[in-house]
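Here is the structure we will look at, set down as structure tokens.
Residue numbers (UniProt numbering): 1 to 108.
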């Protein structure tokens, strides 16, 4: 279960890295286009600021999504562990009862 959690976390982190790289490429393309166009410096700054805000919001949203998913996976893992522990206790109780019966039968 922990391997699944780690793999999922790694996959989500890899997707986040890809998104960040994609955003960086978009920013690089934007900067190249800015140099080719004859926009004024103030317009360039405004556009870059807007783009940076979009990138920041996208990053924050993805980061929050990853965090929530990781918390959910961790909670599921903990629930599964508790469930397995309960099953184990039940099995151990049954084994104890069975062993006690066998001992009683042997004594009789």
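For each residue, glycine too, the CB sits at the ideal point set by N, CA and C.
{"Query": "From 33, 3, 26, 6, residue whose alpha carbon lies closest to that of residue 52", "Result": "26"}
{"Query": "C-beta atoms of residue 58 and residue 23 nearer than 8 Å", "Result": "yes"}
{"Query": "For residue 1, the three-state DSSP class (helix, strand or coil)", "Result": "coil"}
{"Query": "Residue 108 (DSSP reduced to helix, strand or coil)", "Result": "coil"}
{"Query": "C-beta contact flag for residue 16 and residue 62 at 8 Å", "Result": "yes"}
{"Query": "Inter-residue spacing [alpha-carbon to alpha-carbon] between residue 87 and residue 81", "Result": "10 Å"}
{"Query": "Residue 66 beta carbon less than 8 Å from that of residue 1", "Result": "no"}
{"Query": "Candidates 54, 71, 30, 56, of which the one nearest residue 44 by Cα", "Result": "30"}
{"Query": "Residue 11 to residue 69 span [Cα, whole Å]", "Result": "12 Å"}
{"Query": "Option in 71, 96, 101 with minimal Cα separation from residue 6", "Result": "71"}
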